[in-house]
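Residue numbers (the working numbering): 1 to 269.
Ideal Cβ positions, reconstructed from N, Cα and C, are used throughout, including at glycine.
In what follows, a structure is listed as structure tokens, so that the remarks can point back to it.
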């Protein structure tokens with residue numbers, strides 16, 4: 001009588017993967033067994049490579065029969081990828097975070113404490129690595145470098161008028177911002193690079209760099225006391241020109257320079 005040869009797959013799968021590195025097989029139906037593929041002569045055998053495995057079963061009467069099992073292999077690594085959803089790999093004052101999405105696998109694990117979701121948010125510069133695992137347990141990784149540019153500009157104010165004192169002679173002062181790509185002035189002066197100041201006070205310039213970072217500079221504008229108090233003195237004591245008083249002497253005070261009407265010389269007296 002020919003033995004009833006059989007093979008039991010103890011692993012429950014006939015496919016070798018990165019998770020399933022070997023498959024346990026047991027031959028049955030006889031007293032002696034011989035496996036192909038170099039698996040030996042025991043009833044139990046372990047397959048670690050793909051192929052068609054045959055066991056020859058010998059019964060107690062010397063009759064033989066055979067059984068076969070096909071073992072396949074799937075150890076293809078996933079194609080790991082990182083999609084930068086933010087469109088930039090540089091953190092700035094305008095771009096405080098960068099959104100990343102891992103692709104190519106069934107599960108993911110990020111370094112730098114970013115967790116195991118496919119999506120991750122980066123707020124610090126560094127090299128970010130995601131390990132991608134496929135359904136067969138095989139892994140691969142992808143890397144993305146994130147840089148940072150959060151250097152603030154050096155804001156400055158140039159006084160084009162050469163004075164910070166408003167007077168009757170200097171009724172306005174021209175100021176220009178420096179150090180930035182764009183500017184914003186306090187006191188309602190707007191966002192031009194150069195502005196005109198006509199009132200006293202503390203003026204603040206906010207300079208913005210191209211990376212969105214900002215810095216400020218200030219300038220104090222003062223104003224003189226105002227119109228001088230003029231005192232006109234009649235040194236002669238008379239306002240009537242006569243033959244005895246052919247001239248009248250006048251003196252003025254309260255200023256630093258004087259202009260007389262009537263063609264009089266430019267003197268104090």
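Item to complete: Would you check if the distance between the CB atom of residue 233 and the CB atom of residue 205 is smaller than 8 Å?
Response: Against a cut-off of 8 Å, the Cβ pair of residue 205 and residue 233 comes out as no contact.
Item to complete: Pull up the distance between the alpha-carbon of residue 81 and that of residue 134, whole angstroms please.
Response: Approximately 13 Å, taken between the alpha carbons.
Worksheet entry | Cβ-based neighbour list, residue 89, same chain, cut-off 6 Å, excluding 5 preceding and 5 following | Around residue 89: 146.
Worksheet item: Where does residue 258 sit, in a helix, a strand or coil, going by DSSP?
Response: Residue state, collapsed to three classes: coil.
Fill in: Under the three-state DSSP convention, the category residue 220 falls into
Secondary structure at residue 220: strand, using DSSP grouped into helix, strand and coil.
Worksheet entry | Distance, residue 173 Cα to residue 218 Cα | Spanning the two alpha carbons is a distance of roughly 14 Å.
Discussion item. Run through the DSSP bridge pairs and tell me what residue 196 is partnered with.
Written reply: Within the DSSP secondary-structure output, residue 196 pairs in a beta bridge with 174.
Worksheet item: Does the Cβ of residue 30 have 16 or more other Cβ atoms within 10 Å, making it buried, or fewer, making it exposed?
Response: Buried.
Item to complete: For residue 196, count neighbouring C-beta atoms within 10 Å of its own C-beta (all shown protein chains included) and say buried if the count is 16 or more, exposed if not.
Response: Under this definition residue 196 is an exposed residue.
Discussion item. With a threshold of 7 Å on Cβ separation, who are the neighbours of residue 19 within its own chain once the five nearest residues in sequence on each side are excluded?
Written reply: In its chain, beyond the 5 residues on either side, 136 and 137 have a beta carbon closer than 7 Å to the beta carbon of residue 19.
Discussion item. Runs of 3 residues minimum, wholly inside the segment 99 to 158: which ones carry the beta strand (DSSP E) assignment?
Written reply: Correct list: 107 to 110, 119 to 122, 126 to 133 and 139 to 148.
Fill in: C-beta contact flag for residue 164 and residue 222 at 8 Å
Taking 8 Å as the Cβ cut-off, residue 164 and residue 222 qualify as a contacting pair.
Item to complete: Would you mind reading off the limits of the beta strand (DSSP E) that contains residue 70?
Response: Per DSSP, the unbroken beta strand (DSSP E) holding residue 70 starts and ends at 64 to 74.
Worksheet item: Which partner residues of residue 201 appear in the DSSP bridge assignment?
Response: According to DSSP, residue 201 shares a beta bridge with 221.
Discussion item. Please report the distance separating the alpha-carbon of residue 8 from that of residue 1.
Written reply: Computed Cα separation, rounded: 22 Å.
Worksheet item: By the 10 Å Cβ neighbour count, where 16 or more other Cβ atoms means buried, how is residue 42 classified, buried or exposed?
Response: Result: exposed.
Item to complete: Can you tell me the Cβ-Cβ gap for residue 72 and residue 121, rounded? I've got them flagged as a contact below 8 Å.
Response: Going by Cβ atoms, the distance from residue 72 to residue 121 rounds to 40 Å, so no, they are not a contact pair.
Worksheet entry | First and last residue of the uninterrupted beta strand (DSSP E) at residue 23 | The continuous beta strand (DSSP E) containing residue 23 extends over residues 23 to 28.
Practice prompt. Could you check the C-alpha separation between residue 214 and residue 261 for me, to the nearest Å?
Written response: Roughly 56 Å between the two C-alpha positions.
Discussion item. On the DSSP letters alone, give me the boundaries of the beta strand (DSSP E) that residue 84 sits inside.
Written reply: Annotation: the continuous beta strand (DSSP E) that includes residue 84 extends over 81 to 84.
Worksheet item: Does DSSP classify residue 55 as helix, strand or coil?
Response: Here residue 55 carries a strand assignment [DSSP, helix/strand/coil].
Worksheet item: Which residue comes first and which comes last in the beta strand (DSSP E) that contains residue 253?
Response: First-last of the beta strand (DSSP E) with residue 253: 250 to 253.
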